[in-house]
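Data block below; observations after.
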Amino acid sequence: MLFNSWQYGIFFPVIFILYWFIPKNFRWFLLFIASYYFYMSWSAKYVVLILFTTVISYLAGILIDKSQNQRLRKIILILTFVSCLGVLFVFKYFNFFSETFTQILNAFSIKLHPVTLNLLLPVGISFYTFQTLGYVLDVYRKNITPEKNFGIYATFISFFPQLVAGPIERSKNLLPQIKNAHEKIFNYEQAAYGIKLMTFGFFKKLVIADVIAIQADRIFADIHEYEGFALILAVIFFTVQIYCDFSGYSDIARGCAKMLGIELMENFKSPYFSASIHEFWARWHISLSTWFRDYLYIPLGGNRCSKLRHYFNVLITFLISGLWHGANLTFLIWGFVHGAAQIFENMFTNSKRLENYPHNLFWWLRVICVFMFVVTTWTFFRANTINEAVYIFQNCFNGLSDLKSYLIAGSKTFGGKKIILFVLSLLALFDYFSLKHDVIKAITSSKYLILRYAFYFGLVTMILFFRATNEVDFVYFQF
Numbered sequence: 000m001l002f003n004s005w006q007y008g009i010f011f012p013v014i015f016i017l018y019w020f021i022p023k024n025f026r027w028f029l030l031f032i033a034s035y036y037f038y039m040s041w042s043a044k045y046v047v048l049i050l051f052t053t054v055i056s057y058l059a060g061i062l063i064d065k066s067q068n069q070r071l072r073k074i075i076l077i078l079t080f081v082s083c084l085g086v087l088f089v090f091k092y093f094n095f096f097s098e099t100f101t102q103i104l105n106a107f108s109i110k111l112h113p114v115t116l117n118l119l120l121p122v123g124i125s126f127y128t129f130q131t132l133g134y135v136l137d138v139y140r141k142n143i144t145p146e147k148n149f150g151i152y153a154t155f156i157s158f159f160p161q162l163v164a165g166p167i168e169r170s171k172n173l174l175p176q177i178k179n180a181h182e183k184i185f186n187y188e189q190a191a192y193g194i195k196l197m198t199f200g201f202f203k204k205l206v207i208a209d210v211i212a213i214q215a216d217r218i219f220a221d222i223h224e225y226e227g228f229a230l231i232l233a234v235i236f237f238t239v240q241i242y243c244d245f246s247g248y249s250d251i252a253r254g255c256a257k258m259l260g261i262e263l264m265e266n267f268k269s270p271y272f273s274a275s276i277h278e279f280w281a282r283w284h285i286s287l288s289t290w291f292r293d294y295l296y297i298p299l300g301g302n303r304c305s306k307l308r309h310y311f312n313v314l315i316t317f318l319i320s321g322l323w324h325g326a327n328l329t330f331l332i333w334g335f336v337h338g339a340a341q342i343f344e345n346m347f348t349n350s351k352r353l354e355n356y357p358h359n360l361f362w363w364l365r366v367i368c369v370f371m372f373v374v375t376t377w378t379f380f381r382a383n384t385i386n387e388a389v390y391i392f393q394n395c396f397n398g399l400s401d402l403k404s405y406l407i408a409g410s411k412t413f414g415g416k417k418i419i420l421f422v423l424s425l426l427a428l429f430d431y432f433s434l435k436h437d438v439i440k441a442i443t444s445s446k447y448l449i450l451r452y453a454f455y456f457g458l459v460t461m462i463l464f465f466r467a468t469n470e471v472d473f474v475y476f477q478f
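In terms of numbering that gives the first Met the number 0, the sequence shown opens at residue 0 and continues consecutively.
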């Protein structure tokens, strides 16, 4: 059930109305039923996996809290990680490691056929697995007390707006809100803002991401048939697509939750206006970046150790982050390159100082350089194989000696009208104003009524008339 499907267009209004009209003590139960129904609409049989992970982590939290023996607490924690990550490994990584191991043996003339499993990747498994592990670690560290009500805890893990693509919520934020749902009073301004946030998210997804996806996918589906500026445009299109697609999902998820009186964390803060790689990761997929920081990077030692160990911690964190995104060497390279870039940045610049640097010419040059780096690395992220990524780098400048023909030939690959729509969309989306302000609040709280309604009318009109005609899955559903 996609957010941009007619089924969800019926499902959510029904849940919204029931939520605010049923007896208050049943609100969490409604969210529980709605969340499991939402997940089962994808594949009913895979609900067993999320239920298994939920039961294991629920029991682990209670047992860890009750135990006074530190060794026993650690054993329970390890067993929980092995159980939950074991499920994730089987469905997401088993075939990748089996094939990689076989290729290594074949390279040494040891002939072996890989053992593979014919399994579909359950939607959202990486997200809810990390959410459960974060909860268990918080209990282990005594940052929170375990939730005794299984239904409330299961609702926290499966909360439908953010279930399949995040944000990966912390137990301190989301769990108390679900537990105290009976105390919430309908707030018109919060609900209205939620609708506006959802509308902006649908604009990003339907008008920009899905339209661009059709063009970018066409190139990447048969990459060897193209060369020159067409390859550069394909990567740039994907750069915009993945941001609009993922941040659009987060906006819709946050908007839905706001209409139910629940606040989800912000997952994106104008990441393409970053003056350093460190800042980019503080603004991109914030829920995952902070998860790796708090539950992997800092426990490894963070920066409270020797420089060499610190750099090792950074590299390991980014490699695992890359692997989290997908079972493919391209994702590992993508993570490695970002980790190496941050190490290089730490060695020669003060990235934290740059985040508060005056927005002068030097700052803009930094932003452009970081953006170009991010665009380049997205090549590994989007390419199906390493060979395809190498092909793009080798052939993207073919014909550059005749700049005019180079640009015209590449642009014709996509069509002039689509390029114009793409540029107009960018002007509406990548507004410098959004760097320090909430665009939605700034416009919708304007004292000029005509400005507000022109904004609403413009968004809705573009969604109705310029959206992609076919339903396109959200990019991060595959992770």
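Where a beta carbon is used, it is the ideal one built from N, C-alpha and C, also for glycine.
Where residue 470 sits in the DSSP three-state scheme: DSSP, reduced to helix, strand and coil, places residue 470 outside both helices and strands of the structure shown, so it counts as coil.
Closest by C-alpha distance to residue 51, when choosing among 66, 63 and 127: 127
Which of helix, strand or coil DSSP assigns to residue 2: In this structure, residue 2 counts as coil in the three-state DSSP scheme.
Stretch-stretch touch, CB-based, cutoff 8 Å, three pairs: the segment 166 to 183 with the segment 231 to 242: Per the Cβ contact rule, the segment 166 to 183 is not in contact with the segment 231 to 242 (fewer than 3 Cβ pairs under 8 Å).
Span of the alpha helix (DSSP H) around residue 477: Element bounds for residue 477: n/a, residue is neither H nor E.
Nearest residue (CA-CA) to residue 558, options 74, 42 and 80: Past the edges of the chain, shown from 0 to 478, lies residue 558, and the structure says nothing about it.
Local conformation of residue 283 per DSSP, three classes: Here residue 283 sits in coil by DSSP.
Which listed residue (155, 348 and 336) has its alpha carbon closest to that of residue 262: Here the closest residue by C-alpha is 155.
8 Å contact criterion, which residue 91 and residue 120 should meet: CB distance rounded: 6 Å
Cβ neighbour criterion (16 or more within 10 Å) applied to residue 111: It is exposed - the Cβ of residue 111 has fewer than 16 other Cβ atoms within 10 Å.
Euclidean distance between Cα positions of residue 278 and residue 270: 8 Å
Neighbourhood of residue 100 by C-beta distance below 8 Å, restricted to the same chain and skipping five residues each side: For residue 100, the CB contacts under 8 Å within the same chain, skipping 5 residues up- and downstream, are 113 in chain order.
Distance CB(residue 193)-CB(residue 257) smaller than 9 Å: yes
Nearest candidate by alpha-carbon position, reference residue 293, set 306, 312 and 305: 312
Backbone secondary structure at residue 209 - three-state DSSP: Reduced to three states, the DSSP call for residue 209 is helix.
Rounded straight-line distance, which links the Cα of residue 24 to that of residue 212: 44 Å
Where the alpha helix (DSSP H) containing residue 152 begins and where it ends: 149 to 157
Rounded C-alpha distance that separates residue 249 from residue 188: 20 Å
Coarse secondary structure for residue 264, derived from DSSP in three states: Secondary structure of residue 264 (DSSP, three-state): coil.
Coil, strand or helix - residue 410 by DSSP: helix
Proximity test, residue 287 beta-carbon vs the ligand FMN heavy atom, cut-off 8 Å: Among the ligands in the structure shown, none appear at all, so the ligand FMN cannot be discussed.
Same chain, Cβ closer than 6 Å to residue 41, neighbours up to 5 away in sequence not counted: 122
With 16 other Cβ atoms within 10 Å as the buried cut-off, status of residue 452: Flag for residue 452 reads exposed.
Counted within 10 angstroms of its Cβ, other Cβ atoms place residue 402 as buried (16 or more) or exposed: exposed
Meets three-Cβ-pair contact criterion under 8 Å: the segment 142 to 159 and the segment 193 to 204: no
Rounded straight-line distance, which links the Cα of residue 329 to that of residue 380: 6 Å
Nearest-angstrom Cα separation, counted from residue 281 out to residue 291: 12 Å
Buried or exposed (CB count within 10 angstroms, at least 16 for buried), residue 59: buried
Short Cβ contact (9 Å threshold) for residue 46 with residue 57: no
Exposure label - residue 12; buried when at least 16 CB within 10 Å: Sixteen is the threshold: since fewer than 16 other Cβ atoms of the shown chains lie within 10 Å of the Cβ of residue 12, the residue is exposed.
Backbone secondary structure at residue 160 - three-state DSSP: In the structure shown, residue 160 sits in a helix (DSSP, three-state: H, G or I).
From 372, 183 and 305, residue whose alpha carbon lies closest to that of residue 273: 372
Residue 41 (DSSP reduced to helix, strand or coil): Taken through DSSP and simplified to helix, strand or coil, residue 41 comes out as coil.
Other residues of its chain near residue 304: CB distance less than 8 Å, five sequence neighbours each side excluded: 312
Helix, strand or coil at residue 182 [DSSP, three-state]: helix
Selection from 62, 139, 48 and 209 that minimises the alpha carbon distance to residue 245: 209
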